[in-house]
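Here's the structure we're looking at; comments come further down.
There are 2 protein chains.
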Amino acid sequence: MDQIDKKIVQELQLNAKISMKELAEVVHLSSPALIERVRKLEEQKVIEGYHAHVDLKKMDRPICAIILFESKDCKALADFCNSHSDVLECYRVAGEISYIVKIATYSVESLEKFIDASMAYGTPSTNIVLSSHAKKVIEPFSVED
Amino acid sequence: MDQIDKKIVQELQLNAKISMKELAEVVHLSSPALIERVRKLEEQKVIEGYHAHVDLKKMDRPICAIILFESKDCKALADFCNSHSDVLECYRVAGEISYIVKIATYSVESLEKFIDASMAYGTPSTNIVLSSHAKKVIEPFSVED
DNA sequence: CTTGAAAGGATCTAAGG
DNA sequence: CCTTAGATCCTTTCAAG
Numbered sequence: 001m002d003q004i005d006k007k008i009v010q011e012l013q014l015n016a017k018i019s020m021k022e023l024a025e026v027v028h029l030s031s032p033a034l035i036e037r038v039r040k041l042e043e044q045k046v047i048e049g050y051h052a053h054v055d056l057k058k059m060d061r062p063i064c065a066i067i068l069f070e071s072k073d074c075k076a077l078a079d080f081c082n083s084h085s086d087v088l089e090c091y092r093v094a095g096e097i098s099y100i101v102k103i104a105t106y107s108v109e110s111l112e113k114f115i116d117a118s119m120a121y122g123t124p125s126t127n128i129v130l131s132s133h134a135k136k137v138i139e140p141f142s143v144e145d
Numbered sequence: 146m147d148q149i150d151k152k153i154v155q156e157l158q159l160n161a162k163i164s165m166k167e168l169a170e171v172v173h174l175s176s177p178a179l180i181e182r183v184r185k186l187e188e189q190k191v192i193e194g195y196h197a198h199v200d201l202k203k204m205d206r207p208i209c210a211i212i213l214f215e216s217k218d219c220k221a222l223a224d225f226c227n228s229h230s231d232v233l234e235c236y237r238v239a240g241e242i243s244y245i246v247k248i249a250t251y252s253v254e255s256l257e258k259f260i261d262a263s264m265a266y267g268t269p270s271t272n273i274v275l276s277s278h279a280k281k282v283i284e285p286f287s288v289e290d
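Protein chains in written order, with the working numbering: chain A, 1 to 145; chain B, 146 to 290.
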């Protein structure tokens, strides 16, 4: 991962659909050289994939919550979460809290329904998201950080 | 958003780089019809963008943590988080906890450094992520949920 | 790695249902 | 709002240096 690879990864994080020709110009490389680098980044799985991002509100999921769980049976909780369409992300964590889940749902009613269902697997503590910000470009860790 | 649009969004979430020709075949539509639908989904901002996903470990960020903050000055905390390269996501939430931040960093030492720096803006409670799962395809909310 | 040329696709347009 | 067919344009690949 030299500086050029970093720039390539950065650009593809911002815009996965940029053409190889245009990206080649951005990093001052010829198309064949650029394409070979991108191929290697994909092969090494530095780049895991290319995905469209959707607006949760437009998907009728205006309510977002982060739920902290204390649970004795993380496996059962994980299975519940993975099979529930409201769940976007789940994290097994070390500490007093054992599971953290991010959900997006339709209404306060559907949120209540989720919480009630989840209580079979642990003790939820629900935090409604008021606003959020997610980084589009993740940079390789460097010592300046 | 009819059934075809849902399928289009689903496929583009899985693979942003699928060609319009191939996607047209998947949804049993002609290329021009498919392209027009995709254009509208982009224009309506149902699809917000297309991004490459990277492997955090390959970016020298093997340690992931979710940090819960109690803070009196959320603005200052938000500014700190938005300017720090370790921070991937941050959420302003309602409740006892006021801020939830997801970070990815290089080492226990760099984690400590982050926590120490963050303590100027609030009281952090750090949860190290042991394992995680994120949904690739977000479906529109439907009554069956 | 670069350049340039050739091949193969993809997208766009136009005409028609 | 859709389809088909044709034309154009662009990207990628290949060969040579």
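Built from N, CA and C at the ideal position, the CB exists for glycine as well.
- For residue 272/B, the uninterrupted beta strand (DSSP E) segment begins and ends at 268-279.
- Contact between the segment 261-278 of chain B and the segment 211-221 of chain B is present: three or more C-beta pairs spanning the two stretches fall below 8 Å.
- Bridge partners of residue 92/A according to DSSP: 99/A, 276/B.
- The criterion of a C-beta distance shorter than 9 Å is satisfied by residue 58/A and residue 191/B.
- As DSSP reads the structure, residue 214/B sits in a beta bridge with 244/B, 269/B.
- Within the segment 86-97 of chain A, the residues whose Cβ lies closer than 9 Å to any Cβ of chain B are, in chain order, 86, 87, 88, 89, 90, 91, 92, 93, 94, 95, 96, 97.
- In the DSSP assignment, residue 47/A falls within the beta strand (DSSP E) that extends over 47-54.
- If you look at residue 75/A, you'll find it in the alpha helix (DSSP H) that goes 74-83.
- Cβ neighbours of residue 104/A within its own chain (closer than 6 Å, five residues either side excluded): 56, 61, 64, 88.
- By the C-beta criterion, the segment 246-260 of chain B is judged not to be in contact with the segment 182-191 of chain B, since fewer than 3 inter-stretch pairs fall below 8 Å.
- Residue-level contact check: residue 138/A touches chain B, since one or more beta carbons of chain B fall below 9 Å from its beta carbon.
- Annotation for residue 221/B: 266 place their beta carbon closer than 7 Å to its own, counting only its chain and skipping 5 residues before and after.
- It is roughly 14 Å from the alpha-carbon of residue 110/A to the alpha-carbon of residue 285/B.
- The beta-carbon of residue 121/A is placed no less than 9 Å from the nearest beta-carbon of chain B.
- Each of 164/B, 290/B, 195/B, 179/B was checked against the Cα of residue 112/A, and the nearest Cα belongs to 290/B.
- Nearest neighbour of residue 287/B by Cα position, chosen from 9/A, 6/A, 53/A, 106/A, turns out to be 106/A.
- Using beta-carbon distances, residue 215/B does not count as an interface residue toward chain A, since no partner is under 9 Å.
- When the Cα atoms are used, residue 25/A and residue 8/A turn out to be separated by approximately 11 Å.
- For chain A, the residues of the segment 190-204 of chain B that bring a beta carbon within less than 8 Å of one of its beta carbons are 190, 191, 192, 193, 194, 195, 196, 197, 198, 199, 200, 201, 203, 204, in chain order.
- With fewer than 16 other Cβ atoms from the protein chains shown falling within 10 Å of its own Cβ, residue 28/A counts as exposed.
- Flagged as an interface residue toward chain B: residue 13/A, by a C-beta distance shorter than 9 Å.
- Within the segment 242-256 of chain B, those residues whose Cβ lies closer than 8 Å to any Cβ of chain A are, in chain order, 242, 245, 249, 250, 251, 255.
- Separation of residue 83/A and residue 116/A (C-alpha to C-alpha, rounded to the nearest whole angstrom) is 16 Å.
- An exposed status is given to residue 2/A, since fewer than 16 other beta-carbon atoms sit within 10 Å of its beta-carbon.
- Straight-line measurement puts the Cα of residue 30/A at about 44 Å from the Cα of residue 85/A.
- In the DSSP annotation of this structure, the continuous segment of the alpha helix (DSSP H) that includes residue 114/A starts and ends at 108-118.
- With contacts defined as CB atoms closer than 9 Å, residue 12/A and residue 197/B qualify as a contacting pair.
- Residue 232/B has 248/B as its beta-bridge partners, per DSSP.
- In the three-state DSSP reduction, residue 163/B falls in the coil class, being neither helix nor strand.
- The beta carbon of residue 161/B falls within 9 Å of a beta carbon belonging to chain A, placing the residue at that interface.
- Residue pairing of residue 63/A in beta bridges, as defined by DSSP: 105/A.
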